[in-house]
Amino acid sequence: MAELLPAQRHRHIVGEVERQGQVRVAELAAQLSVSEMTVRRDLTFLAGDGILIKVHGGAMKEGSTTSSEPGFATKLGLQTGEKERIAARAAGLVHPGMSLALNSGTTTFALAHHCTSIDDLTVVTNSPRIAQVFYDADNASQTVVLTGGVRTPSDALVGPIALGAVAQLHVDLYIMGVHGMTAEHGFTTPNMQEAHVNREFLRAAGRTAVVADHAKWGVTGLCTIAPLDAVDTVVTDERLPRAAVEHLENTVGEVLIAAPEKASDTPTGSEA
1 MAELLPAQRH
11 RHIVGEVERQ
21 GQVRVAELAA
31 QLSVSEMTVR
41 RDLTFLAGDG
51 ILIKVHGGAM
61 KEGSTTSSEP
71 GFATKLGLQT
81 GEKERIAARA
91 AGLVHPGMSL
101 ALNSGTTTFA
111 LAHHCTSIDD
121 LTVVTNSPRI
131 AQVFYDADNA
141 SQTVVLTGGV
151 RTPSDALVGP
161 IALGAVAQLH
171 VDLYIMGVHG
181 MTAEHGFTTP
191 NMQEAHVNRE
201 FLRAAGRTAV
211 VADHAKWGVT
221 GLCTIAPLDA
231 VDTVVTDERL
241 PRAAVEHLEN
251 TVGEVLIAAP
261 EKASDTPTGS
271 EA
């Protein structure tokens, strides 16, 4: 694309911040075909005018905080292509006869659709939407356990009832969606009660994996769920910056990159 004038870049950046809530420097640089240094200068200018708030690695909408929690429907329309490819890749970790735990999230929701044909699964989840995916598939060989609890904006069931249910369980594999992941703060969520349930799932699992698209890197939620080295596998997409991949490879037992999108595929939008 032709080089844009600063005012044109600023309009694009503001539009992305309004649409997503949070944006990453690397993503904006790719969209605008400019250097990351140029994007950082643009963010500094816009932050100086009070239009957005600069954060580590990007910016967020004025008024957004680490405790901001987008609703499930909002997140469902973001990074759809990446989430679908990550889900398909993560489904390879799931085998017949397993006990599988899935937390609430749009990537784990996509993953659920890939697991409905796997026989003899016992699925434990704190997501009514994920439970419904398995119920609708009507695979008689599968058992679905839905924890009780109080519903959050991201459609997770949390609180003492959810914690009590998970505390009694031992599962073969827990696959967790997250709000953000950073080298400094690990895997995070904006909801403290979800963090408690996610930690309990981690404790209950023999093996653990995180599914997170590239836009989650550098994003920090209010509460840390666990450090990066607390999980065995991270499944992500090919747009995660190489430096982030290398850091994950040095801290996590295994990093799986979902197959890149084919040139003929329809491009998808960006996320927070």
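With the UniProt record's numbering, the residue at position 149 of the sequence shown is 149, and numbering never jumps. Glycine included, every Cβ here is placed at the ideal spot set by N, Cα and C. All values reported here derive from a predicted model rather than from experimental measurement.
- Spanning the alpha carbons of isoleucine 175 and leucine 100 requires a straight line of approximately 8 angstroms.
- It is roughly 12 angstroms from the alpha-carbon of alanine 244 to the alpha-carbon of isoleucine 257.
- When DSSP assignments are scanned along the segment 158-240, the uninterrupted stretches of alpha helix (DSSP H) that are 4 or more residues long and fall wholly within it turn out to be 160-167, 192-204.
- Taking glycine 253 as reference, the option from Arg19, Val231, Val158 with the minimal CA-CA separation is Val231.
- Fully enclosed alpha helix (DSSP H) runs of no fewer than 4 residues occupy 6-20, 25-32, 36-48 of the UniProt domain "HTH deoR-type" (6-61), in order along the chain.
- For threonine 125, the three-state secondary structure derived from DSSP is strand.
- Rounded to the nearest angstrom, the Cβ distance from glycine 221 to threonine 251 is 18 angstroms, too far for a contact under 8 angstroms.
- Per the DSSP secondary-structure output, glutamate 254 pairs in a beta bridge with Thr233.
- When DSSP states are grouped into helix, strand and coil, alanine 156 belongs to the coil group.
- Following the DSSP letters along the chain, one finds threonine 143 inside the beta strand (DSSP E) bounded by residues 143-146.
- Contact annotation: histidine 10 and leucine 46 have beta-carbon atoms nearer than 8 angstroms.
- It is roughly 28 angstroms from the alpha-carbon of leucine 163 to the alpha-carbon of glycine 92.
- By the C-beta criterion, the segment 36-46 is judged not to be in contact with the segment 183-199, since fewer than 3 inter-stretch pairs fall below 8 angstroms.
- Spanning the alpha carbons of valine 34 and glutamate 16 requires a straight line of approximately 16 angstroms.
- Looking at the backbone, the Cα of arginine 207 and that of lysine 61 are separated by about 36 angstroms.
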